[in-house]
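Below: one structure, written as structure tokens.
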Amino acid sequence: MIPRPPWLAQALTALFIPAGVAREGVLGDLHELYAERRARSGRLVSDVWYVYEATFAVIRYTVERFTRRLPRRGGRQKSGAGNGAGPGPARRWSGLLESTAQDLRYGLRLLKNSPGFTLVAAITLALGIGATTTIFSLVNSVLLKPAPGMRNSAELVKVRTVTEEGELEEDMSWPNFLAYRDGTGGVAELAGVSLATVSVSGMDQAGVTMGFLATHNAFEVMGTRLELGRSFLPEEDLEGGSLVAILSHGTWKRRYGADSSIVGKTMRINQHPFTVVGVTEPGFRGPITIIEVGVWLGMGAAPVLFPERNQTDRAESWVRPVALVRKGVSREQLESAYNVVSSNLRAEFPDDNPDHGIVVQSNAALSPRAMAGALAITLFLFLVSGTVLLIASINVGSMLLSRAERRGKEVALRLALGAGRGRVVRQLLTESILLFTLGATGAVLITAYATRLLSAYQLPIELPLVLDFSVDHRALVFSLAVALAAGTVFGLTPALQVTKPDLNTTLKADGSSGRGPKRWLRGAFVVLQVSGSTLLLVVAGLFARGLSQANSADLGFDPNNVHFLSSEVDFHRNYTSEEAQQLLRDILERAAALPEIEALALTNSPPVTLGSRSSAYTVAGNEPVLTEDWPETDYATVSPGFFETLRIPILQGRGFNESDRSGAPLVAIVNETFARRSWPGESPLGKRIKWDSSDGPELQVVGVARDAKYGSLGEDQRNHVYLAHEQFPHADLVLLARFVGEESVLANHLAEIVHDLDAGLPIDANTAYEDIMGIALLPSRATALMTSIFGCLGLVMAAIGLYGVLAYNVTQRTREFGIRVALGAQTGVVRAAVVWDGIKLVAIGLVIGFTLAMLLARSLRSLLFGISPADPVTLGGIALVLALVAAGASYLPALRATRADPVAALRAE
Amino acid sequence: MGGKLFLGEFEHMVLAAVLRLGDAAYGAAIIKEIRNGTGRRVPSGSLSITLDRLEGKGYLESRLGQPDPNRGGRPKRFVAVTKQGLRAVRQARSAMLSLWSGLETRLDQS
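Protein sequences appear in the order of chains X and Z.
Numbers in our numbering are just positions in the first sequence, counted from 1, shifted up by 34.
Numbers in our numbering are just positions in the second sequence, counted from 1, shifted up by 464.
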């Protein structure tokens, strides 16, 4: 296969080179040379080469176009200049273009003539802009990119119902759905979907698939097309209609080898035969874009697959409505139309109607609450990556300042010879923007690689994530805009500074007095950089400390050498409750016989994995009058081996045993916190807990288990109740097994046992318990990793910047030091003065940085696992690191300054 | 940029390379020819602009070949020196040679 060069660079080049022989020639040549290069060296080198060549060609052709050497359309190059047209606006424009082209050429030459400077500056900027562009790409893919294949996404709205308590619900019942669909006189087309995890079998072994139940108009409403076959029919919406499925393009290709005769064939879903009637278009994933949807099922299949999703019960909400608003209808009109239906429903069915009004919301990818969370994270990530960009820009800004000062004489001369200040500033600005644009080019490359790594991420369970973080035109525009803005700000400041001085002194002396506004600007640069990197380091440090704390934290249970196997039995198979229990018992019994097993247990809610279960309860003697005021507690149902498997000690009373089965007295084991809070100072053993509601069962406490973490590692100690699995049976299979020996062997054995008992039962996860816990830790880990990377980047850049600025200040003051040493000043005193200068700046920066970090860390508390934002170890360590960097960065130049022969220093002037 | 018939240094190189390559003269080949002959790395963009200019002066003609899968489906831009171009090269060469003649011994010495 012929390697393909980076498409982005290719597209840009195509855009900037005039069509015809030149474009064909350049792009073809670059392609050919790229392929040869790829054969010799790696991909990265070749990509960098290509981007360089492409950028160069773009700039050359742009300059050429501005200077009108290029025939634009036909032979226009000869007209224009000589036709005696007055200095009209066109002429002025061409003058501006001409001078810009001059500036560009001049800037390019300067950059080319100091390749070291250019390279360091471009890499620095590429890292800074790359950091922000990478974050932007993540945000872009989650919040901005339209869902693929959803052509109507602009006209779609979410229809949410209001509960009696005034809360918004996403789902409605089927009878109500029909009422809303048919009751508005056509101001909108209402479709319904319902997420369905199903097991698909047919051509090969069983597999779990995320699927959607969908009404016949769902595809039309979303605006997607089918690759093959037909959409669902109205009669297939209803129970009793034929069972039909539309395959996703991915399923069709992977599982059925893109079989073009698939339509009409039969597949088995949860053991029911479904007829395939179509295949969706490639890329289409429906309303939840981060999950790969495998199959779409006719709505009529809902009651067949999931008994609780029936089409008659008005109180059972499971249909998620999505509406396509007709043209010319406002959201308010639609909302009031639906509310008319809603109040009619309430009047007609006062007893069992759960809808108390309708709210129409925009069809954003995320719900408002998720959106608020996403925005907070976005803001945080932008803040962190923006700080890296700030530090990088300041480094380059002060490099540009030094360069501009070195050219102070040239600038002064040009000003003295009558060049307008604006003209000179524009020249300097052009250079900096060129440099920042070069950085942006590198940044896009960095982003492309970083996002490719991130997109490949998959959870260690059977949930097919689709993360499309790829760089698109928005990311390109973003990085270019960032580059232009930063280039303007950080190029303009030095440019204005060097063009300000009164000409006399600059021309007479050497423009290096080292005092005045320029020094002040450098000082400000250092302070900003130090505060920025302090901010990054503190946040990174807190996260790292928090994580290590979390890893070493007392979980209250021991996840080492515990294996995790799960399958959602009730989702996949139509087991009755008894059958499911028998299956679980059989699995447990057979697994217990395996030689690797030390202990094993079933639970419905393994600790520190995402999601927890809670229930209302009350204890005798402390009963609130209203059921609504009952407190809530987390709980888990567990089988007898649970405490042994996770090594949770039973502190009082007993654990569960085989006698705790249905029919026997209902028992509970509570944790220490529950016992302490409910019966302070008393023994909890024998106490009674009223469970769920006043009609609910009463449990007797038979034991107290040690406190553990249940929801997340960072949580405060929570109440927890364990119920006996056999007394509160459930069909979710989560098997925890403490094992000895090779885990992979155990995993295979367990899978064999499950498939032996039911070949059609798919397994969601069959992996180490710590992997599953890792999912719960993911947000903290990811944030820690990102801030650490950004923090280290920031520190290195800030250190280089600090050293650069101080070293520069010292060389500028060589003459002053020479005089002081010649007049008898102790070298030690001079050195101390220089170091003190550095320390002062760093100290100011540290204070600002710490303050900002405190404010930020306070809002991140939940991710810090109990580490205080003012954690002395983190703050002290960071202050020390930065002080060392500052001391080193200022001592070296100080040494050099005082080592110089004073006479030589004076003579050099 | 020099007078009507004189050539810039780079233009000179490009024309010479095109003549050396004959029928096989196109972008990438010219870049390699110049690199092999002079060690100079020529960016594709620079070469293309020079080809445009030389074509504008009437020294070169270019035509597109067949679409080529090795080039991402793009054709090669073949160039050939025109009569006028040949005259310019000849003139430039003889001007250079006459300036250099008699200096061989001095150049070899140092």
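Positions of the beta carbon are idealized from the N, C-alpha and C atoms, including for glycine.
All of these numbers come straight from a predicted model, not from anything done at the bench.
Would you mind working out which of the options sits nearest residue i, comparing C-alpha positions?
i, options, result
"X/Val338", "X/Val232, X/Leu526, X/Ala188", "X/Val232"
"X/Trp208", "X/Val173, X/Thr197, X/Ala248, X/Phe690", "X/Ala248"
"X/Ser436", "X/Arg892, X/Ser265, X/Asn843", "X/Asn843"
"X/Thr168", "X/Leu67, X/Leu415, X/Ile882, X/Ala765", "X/Leu415"
"X/Gln761", "X/Asp790, X/Leu770, X/Asp694", "X/Asp694"
"X/Ser370", "X/Arg711, X/Glu776, X/Phe708, X/Val393", "X/Val393"
"X/Thr485", "X/Ser171, X/Asn186, X/His507, X/Gln305", "X/Ser171"
"X/Asn387", "X/Leu178, X/Asp347, X/Ser265, X/Glu716", "X/Asp347"
"X/Gly566", "X/Trp664, X/Phe512, X/Thr421, X/Phe824", "X/Thr421"
Taking C-beta to C-beta, are residue i and residue j nearer than 9 Å?
i, j, result
"X/Val255", "X/Ile280", "no"
"X/Thr166", "X/Leu423", "yes"
"X/Ala928", "X/Val839", "no"
"X/Phe676", "X/Gly689", "yes"
"X/Ala213", "X/Val375", "yes"
"X/Val735", "X/Val701", "yes"
"X/Ala517", "X/Gly473", "yes"
"X/Arg365", "X/Ser396", "yes"
"X/His390", "X/Thr197", "yes"
"X/Leu812", "X/Val573", "no"
"X/Leu229", "X/Arg139", "no"
"X/Leu916", "X/Leu829", "yes"
"X/Gly317", "X/Asp271", "no"
"X/Asn251", "X/Ser351", "no"
"X/Gly521", "X/Ser466", "yes"
"X/Ser282", "X/Glu342", "no"
"X/Ser727", "X/Ala785", "no"
"X/Leu46", "X/Ala88", "yes"
"X/Leu767", "X/Ile631", "no"
"X/Leu685", "X/Leu589", "no"
"X/Pro977", "X/Ala635", "Outside the displayed span of chain X (35 to 943) sits residue 977 of chain X, for which this structure offers no information."
Pick helix, strand or coil for residue i, following the three-state DSSP scheme.
i, result
"X/Met206", "strand"
"X/Phe598", "strand"
"X/Thr421", "helix"
"Z/Ser562", "helix"
"X/Phe151", "helix"
"X/Lys534", "coil"
"X/Thr765", "Thr is not the amino acid found at residue 765 of chain X; the sequence shown has Ala there. Correct three-state label for X/Ala765: coil."
"X/Gln846", "helix"
"X/Gln367", "helix"
"Z/Pro539", "strand"
"X/Thr167", "helix"
"X/Gly220", "coil"
"X/Gly162", "helix"
"X/Ile296", "coil"
Residues in the same chain with beta-carbon distance under 6 Å from residue i, minus the five sequence neighbours each way, listed in chain order, please.
i, result
"X/Gly545", "Its pLDDT being 44, under 50, X/Gly545 is placed unreliably by the model, and nothing is read from it."
"X/Leu488", "Phe503"
"X/Gln563", "Ile425, Ile428, Ala832, Gly835"
Using a Cβ-Cβ cutoff of less than 7 Å, which residues in the same chain neighbour residue i once the five nearest sequence positions on both sides are dropped?
i, result
"X/Glu749", "Lys743"
"X/Val51", "The sequence given here places Ile at residue 51 of chain X; Val does not occur at that position. Once the five neighbours on either side are set aside, the close Cβ partners of X/Ile51 are Arg57, Val60, Ala91, Tyr95."
"X/Glu988", "Nothing about residue 988 of chain X can be read from this structure; chain X reaches only from 35 to 943."
"X/Val869", "Ala921, Ser924, Tyr925, Ala928"
"X/Arg711", "Asn753"
Taking all protein chains shown into account, decide if residue i is buried (16 or more other Cβ within 10 angstroms of its Cβ) or exposed.
i, result
"X/Gly362", "exposed"
"Z/Met560", "exposed"
"Z/Lys547", "exposed"
"X/Leu780", "buried"
"X/Tyr68", "buried"
"X/Lys146", "exposed"
"X/Pro528", "buried"
"X/Asn117", "Because the pLDDT at X/Asn117 is just 42, under 50, the model does not fix this residue reliably, and the point stays unresolved."
"X/Ala115", "Bear in mind that the predicted position of X/Ala115 carries a pLDDT of just 39, short of 50, making it too unreliable to give a figure here."
Which same chain residues end up closer than 8 Å to residue i when comparing Cβ atoms and leaving out the 5 residues on each side of it in sequence?
i, result
"X/Phe308", "Leu277, Val278, Ala279, Thr300, Met301, Arg302, Leu331, Ala335"
Which residues, in order along the region 52-80 of chain X, keep a beta-carbon less than 8 Å from a beta-carbon of chain A?
Protein chains X and Z are contained in the structure displayed, whereas chain A is not.
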